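K.L.:
Numbering (the UniProt record's numbering), first residue to last: 1 to 103.
In this text, a Cβ means the ideal position worked out from N, Cα and C, and glycines have one as well.
Model, not experiment: these values are computed from the prediction.
I am attaching a structure below and will ask some questions about it afterwards.
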């Protein structure tokens, strides 16, 4: 943010991810690592009185394993397809698309 303040320009694009307070608290109470990490390591910019974050919970090992399995079963086939698309792009001499599919 200092760069933006001084130069009025950011060299790296910034994207915001927005979740409702209800969703964030639900994710924290279920111990979802992404939200727990942000609650633990993030910097609070603004806190509205009367709207506290839930206390992060630790995922039980069985639940963590089940969630990891579910994510793997969803994303792994998609990643294999992305590799195939990248290989097709390489064969078609479209290296930009190949690099994108593998990033």
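Since residue 28 and residue 59 are thought to touch, with beta carbons under 8 Å apart, how far apart are those beta carbons, to the nearest angstrom?
P.N.:
Contact doesn't hold; Cβ gap of about 11 Å is too wide.
K.L.:
What are the boundary residues of the alpha helix (DSSP H) that residue 79 is part of?
P.N.:
61-91
K.L.:
For the alpha helix (DSSP H) containing residue 26, list its first residue and its last residue.
P.N.:
21-29
K.L.:
Please list the terminal residues of the continuous alpha helix (DSSP H) segment that includes residue 95.
P.N.:
95-102
K.L.:
Do the CB positions of residue 24 and residue 35 come within less than 9 Å of each other?
P.N.:
Judged by their CB atoms, residue 24 and residue 35 are nearer to each other than the 9 Å cut-off.
K.L.:
How far does the alpha helix (DSSP H) with residue 40 in it extend, from its first residue to its last?
P.N.:
33-41
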